[in-house]
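Trainee: Okay, here's the structure, questions in a sec.
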Amino acid sequence: MSSVVETVTALAQPIVTQHQFELVDVEFVKEGKSWYLRLYIDKPGGINIEECAMVSDEMSEKLDTLDPDPIPQAYFLEVSSPGAERPLKKPADFEKAVGDYIHVSLYQKIGQSKVYEGTLLNLTDDSMDLEVNLKGRIKTLQIPRDAVAQARLAIKF
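Sequential numbering from 17 applies to the sequence shown in this note's numbering.
The structure is reproduced here in structure tokens:
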């Protein structure tokens, strides 16, 4: 599966870049009996459905011309926006998120939890400072970057 993601990423990057979009993520996952190849694209101000359809058409055409086919099984191609709660995966994603409210899942507990939401205050190569509300008290947690299992933007209620 990772070779499919790598191959598709290499194919998609020039298409997405040509339109001045950002390739946020590529997934190749099995859900139930079906396989899904998902491309998440974005641009400043957000991506619209017509832009997703355009990239989908170009990717579909590109994938259909490859021989041998890098994806031998049947699959559904989906191109969409990463949404308001876009994942933070690359270092640049985290850098852009400084000052934003984020959701962080950890490999192991830090303090009392493996999950925190708060404002990303600062970022270094080794750690991040997250301002969180713990039972009505505002605290700043320093979280090692290698302790982060997943992170995404979050909506504050």
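For glycine and all other residues, C-beta sits at the position ideal for the given N, C-alpha and C. Because the structure is a prediction, the values reported are computed rather than measured.
What's the gap between the Cα of residue 134 and the Cα of residue 58?
Mentor: One C-alpha to the other measures close to 23 Å.
Trainee: For residue 102, which of helix, strand or coil comes out of DSSP?
Mentor: It is coil, neither helix nor strand.
Trainee: Buried or exposed: residue 153, going by 16 or more other Cβ atoms within 10 Å of its Cβ?
Mentor: Exposed is the call here.
Trainee: Give a yes or no on whether the C-beta atoms belonging to residue 118 and residue 170 are separated by under 8 Å.
Mentor: Contact flag set, yes.
Trainee: Given a cut-off of 8 Å, decide if residue 92 and residue 139 are closer than it, judged by their beta-carbon atoms.
Mentor: No, the pair does not count as a contact, with Cβ atoms beyond the cut-off.
Trainee: Between the beta-carbon of residue 79 and the beta-carbon of residue 55, is there less than 8 Å?
Mentor: Cβ atoms of residue 79 and residue 55: not closer than 8 Å.
Trainee: Could you have a look at residue 69 and say whether DSSP puts it in helix, strand or coil?
Mentor: Of the three classes helix, strand and coil, the one that applies to residue 69 here is helix, per DSSP.
Trainee: Among 143, 60, 74 and 122, which has the Cα closest to the Cα of residue 98?
Mentor: Here the closest residue by C-alpha is 60.
Trainee: Could you check whether residue 123 and residue 167 sit closer than 8 Å to each other, using their CB atoms as the reference points?
Mentor: It is not a contact, given that the beta carbons lie outside the stated cut-off.
Trainee: With residue 110 as the anchor, note down where its alpha helix (DSSP H) starts and where it stops.
Mentor: That run of the alpha helix (DSSP H) goes 107 to 112.
Trainee: Given a cut-off of 8 Å on the beta-carbon distance, is the pair residue 116 and residue 136 in contact?
Mentor: It is a contact, given that the beta carbons lie within the stated cut-off.
Trainee: With a cut-off of 8 Å on the beta carbons, I'd call residue 26 and residue 51 a contact; round off their distance for me.
Mentor: That belief does not hold up - the Cβ atoms of residue 26 and residue 51 are roughly 19 Å apart, past 8 Å.
Trainee: Whose C-beta lies closer than 7 Å to the C-beta of residue 28 among residues of the same chain, with five residues either side of it excluded?
Mentor: Result list for residue 28: 39, 42, 55 and 75, in chain order.
Trainee: Which ranges would you report for the alpha helix (DSSP H) in the stretch 34 to 91 if only whole runs of at least 4 residues count?
Mentor: Listed in chain order, the complete alpha helix (DSSP H) runs (minimum 4 residues) inside the stretch 34 to 91 are 65 to 80.
Trainee: Using only the alpha-carbon positions, how far apart do residue 155 and residue 113 sit?
Mentor: Rounded to the nearest angstrom, the two C-alpha atoms are 19 Å apart.
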